[in-house]
Amino acid sequence: MLESLRISGIRVPRPVRSLDGRWVVGGWRAERFLSGRPAPRFRDVLAVAFELDRALHNVEAPRFVQERADRYGWLDRLSWDPDADPGGRMGDSDASKMWFELASGRAPIDAARQVIHGDLFGNVLFAGSAPPAVIDFTPLARPAGFASALVVVDAAAWGGAPVSLALEGRDVPGWDQLLRRACLFRLAMVLTHPRATREAVARLTSAITALRPHLG
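Structure below.
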């Protein structure tokens, strides 16, 4: 997919085959180096997310993306599927109660699934006047706009971005529900991580509390 992806105004790393022609060896893949560093340019990162969604609109999600069996895939299903069972892994804290409260407010989103980048925050690089670069592609099969919603939650929790950043996506269909699922996704990720700190939980729950007016 990435070997043929061309996006105006965005640099995308080209994958490199192994000597025997494979893209993935032992679970690892190689990509050509792109210069740049992450920067707190939150609206620019969101603009990249929106543009990437448009570029991937007609890209059918491969089977391995739709049926991810790793932890990331489990967290994705947990945030979207009301029948997915966390199995007691959320614990019993105010943060876990917040998760279940958010989950109870999910409503259907009438939008087609497509390939998205599920971890853009921190993976958009800026280098002077060069176009922004997107690295470390983490594929998920979800509606357009979910990647942007994840950026808003991450930027508010880890980057100190203003909550008003959420207004940038208000024209996206189902935006409030996409934000709700992004909150569920990240909160589940922190609550089920064995090395999550109290500070991480506190920062994320504080950001979600501030985002509540935008969650529908």
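Terminal number for the sequence shown in this note's numbering: 249, no gaps in between.
Just so you know, even glycine gets a beta-carbon here, dropped at the ideal spot from N, CA and C.
Query, Result
"Contacts around P182, its chain only, beta-carbon distance under 6 angstroms, and the 5 residues preceding and following it disregarded", "Note on residue identity: the sequence assigns Ala, not Pro, to residue 182. Within the same chain, A182 has close Cβ partners L211, L212, A215."
"Residue nearest to A88 in terms of C-alpha spacing, selected from T171, L224, D152, G42", "G42"
"Boundaries of the alpha helix (DSSP H) in which V234 is found, first to last residue", "231-244"
"DSSP three-state assignment for F170, whether helix, strand or coil", "coil"
"F66 classed as buried or exposed, judged by whether at least 16 other C-beta atoms fall within 10 angstroms", "exposed"
"C-alpha gap between A145 and D152, whole angstroms", "20 angstroms"
"Beta-carbon separation (whole angstroms), D86 vs A177, contact threshold 8 angstroms", "4 angstroms"
"Proximity to S129 [Cα-Cα], best of R219, V157, D187", "R219"
"Limits of the unbroken alpha helix (DSSP H) element including R87", "75-88"
"Cutoff 6 angstroms; reference V234; Cβ partners in own chain excluding five residues on either side", "A128, V223"
"Where D114 falls, given that 16 or more other Cβ within 10 Å makes a residue buried", "exposed"
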